[in-house]
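Worksheet: one structure, shown below.
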Amino acid sequence: MEVAGKSGLYFMDVDFWDNGAGFSTETYTARNGDIFILSSLKPESAEDLNRYGVTYCLAMVTEVSLDDEYQKGFRVKVAKDIGLEEEDLSKFRHAIFLTNIMTNIRIWKALSFDTHMDNNFTVIKSLLA
C-alpha cells in the first residue's frame, strides 16, 4: 500500500485474492464502492480486531484498473487519515471485504434534494404521494 496523492487516498497493489469462502474457486475482483477493513492481522472474528497492537481502518475502493483479465491494483480512500508514514503502510497486509455500497450511493443521489434537481424531487414526490 502506498500514498496516492491526497490525504486519505492510497494505492493497493495485490498479488492474489483468496475469497476465503471455502466453497468457491473464483478469485475476488475489486469494484468501485467496495468497503473493506484493512488490518495488520487476519481476524478470525470481530474480537480479534480489539487485540493489543492490531491496527485497522475502514476503506472504500474508489478506482479500479481497467484490465479485466488481470487486476493487480486499485485506489482506496480510508475513513480517516491514518497518519502512517510510507514504511508503516505495509502493516495493512489483510483486506476483509464487507459490502459494496454503489447501489446505496446511487439511491441516495436520486433521493437527495438539490436545487439543481427540482425535477427529480417532483417525480419522487409524485411517486410517493
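Mind the numbering: the sequence shown is residues 0 to 128 in numbering that gives the first Met the number 0, read in order. Glycine included, each C-beta is placed from N, C-alpha and C at the ideal position. As the structure is a prediction and not an experimental result, all values here were calculated from the model.
- Nearest neighbour of ALA78 by Cα position, chosen from THR28, ARG50, HIS93, VAL60, turns out to be VAL60.
- A Cβ-Cβ separation of about 7 Å places SER39 in contact with TYR55 under the 8 Å criterion.
- Take the alpha-carbon of MET101 and the one of GLU62: they are about 13 Å apart.
- Selection TYR51, LEU57, THR28 evaluated against GLY7 yields LEU57 as nearest (Cα-Cα).
- Pairing PHE96 with TYR27 gives a Cβ-Cβ distance under 8 Å.
- DSSP places LEU40 outside both helix and strand once states are collapsed to three, so it counts as coil.
- When DSSP states are grouped into helix, strand and coil, ILE104 belongs to the helix group.
- A check of alpha carbon separations from VAL13 across LYS76, ARG92, PRO42 identifies ARG92 as the nearest.
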